[in-house]
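**Student:** Provided herewith is a single structure, encoded as structure tokens, for subsequent inquiry.
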Amino acid sequence: QKEVEQDPGPLSVPEGAIVSLNCTYSNSAFQYFMWYRQYSRKGPELLMYTYSSGNKEDGRFTAQVDKSSKYISLFIRDSQPSDSATYLCAMASGSRLTFGEGTQLTVNP
Amino acid sequence: GAVVSQHPSWVICKSGTSVKIECRSLDFQATTMFWYRQFPKQSLMLMATSNEGSKATYEQGVEKDKFLINHASLTLSTLTVTSAHPEDSSFYICSARGPGEGVLHFGNGTRLTVT
Chain A
1 QKEVEQDPGP LSVPEGAIVS LNCTYSNSAF QYFMWYRQYS RKGPELLMYT
51 YSSGNKEDGR FTAQVDKSSK YISLFIRDSQ PSDSATYLCA MASGSRLTFG
101 EGTQLTVNP
Chain B
1 GAVVSQHPSW VICKSGTSVK IECRSLDFQA TTMFWYRQFP KQSLMLMATS
51 NEGSKATYEQ GVEKDKFLIN HASLTLSTLT VTSAHPEDSS FYICSARGPG
101 EGVLHFGNGT RLTVT
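Residue numbers (my numbering), protein chains in the order written: chain A, 1 to 109; chain B, 1 to 115.
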């Protein structure tokens, strides 16, 4: 079993939709939870990170962590075609970072 | 914010030659940098952890003699792919932790094509 599970998609939504991206994990030692966005042929770009359970909001993006369920989510409101990318969840324990497979998202105009 | 610069962004080389990729932390000092490899439609695979002033730590299955890592200063790490072969063609990405952070910031990657 992988430490971090993420549905690779692909996920296709119409412009303006609310997008929900999710990851589950098995290692209770993970302390930091991150979401990265990766456009084709580019390095991952940090979108959001959190250290604790609960919600964190930044513009159209909301990151949610539920440590008791070992489940994290990223919500994108009013999705735009420019949000089309691969979204990677990542979790860290100490110095080691573990990535999910990434979910490929397409927002259609 | 923490910025990581990677160069070149793409390179084509002939089989048997060596290629050097540079990774710089532009506005912060990074005692540790990380090198990843990514195949199409796959996630990032950690190759090695680069420590300033000491030897890199390689992940299992990564040939240290093929992928030479040098971290000569607090802002620069290099990855040299030696005697490259077509199977080394991939997307290589470096990253570093920002000061006082647990998160990683990534360079824009280097697409290597070996012909």
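Don't be surprised by glycine CBs; every beta carbon is placed ideally from N, CA and C.
Using only the alpha-carbon positions, how far apart do Tyr58 of chain B and Pro14 of chain A sit?
**Tutor:** Roughly 43 Å between the two C-alpha positions.
**Student:** Can you check whether the CB of Ile12 of chain B is closer than 9 Å to the CB of Cys94 of chain B?
**Tutor:** No, Cβ-Cβ distance for Cys94 of chain B and Ile12 of chain B is not below 9 Å.
**Student:** Check distances from the C-beta atoms of the stretch 39-52 of chain A to those of chain B and list, in chain order, the residues that come in under 9 Å.
**Tutor:** Within the stretch 39-52 of chain A, the residues whose Cβ lies closer than 9 Å to some Cβ of chain B are Arg41, Lys42, Gly43, Pro44, Glu45, Leu46, Tyr49 and Tyr51, listed in chain order.
**Student:** Between which two residues does the beta strand (DSSP E) containing Pro14 of chain A stretch?
**Tutor:** Residues Leu11 to Pro14.
**Student:** Suppose only complete runs of 3+ residues qualify. What are the beta strand (DSSP E) ranges in the stretch 50-103 of chain B, listed by chain order?
**Tutor:** You should have 67-73, 76-81 and 90-97.
**Student:** Can you give the Cα-Cα distance for Asp66 of chain A and Arg37 of chain B, rounded to whole angstroms?
**Tutor:** So the alpha carbons of these two residues sit roughly 30 Å apart.
**Student:** Using the Cα positions of Trp35 of chain A and Phe75 of chain A, report the straight-line distance between them to the nearest angstrom.
**Tutor:** In a straight line, the C-alpha of Trp35 of chain A is about 11 Å away from that of Phe75 of chain A.
**Student:** Could you give the distance in angstroms between the alpha-carbon of Leu79 of chain B and the alpha-carbon of Ile69 of chain B?
**Tutor:** Their backbone Cα atoms lie some 5 Å apart in a straight line.
**Student:** In three-state DSSP terms, what is Gln82 of chain A?
**Tutor:** The question names Gln, but residue 82 of chain A in the sequence shown is Ser. Correct three-state label for Ser82 of chain A: helix.
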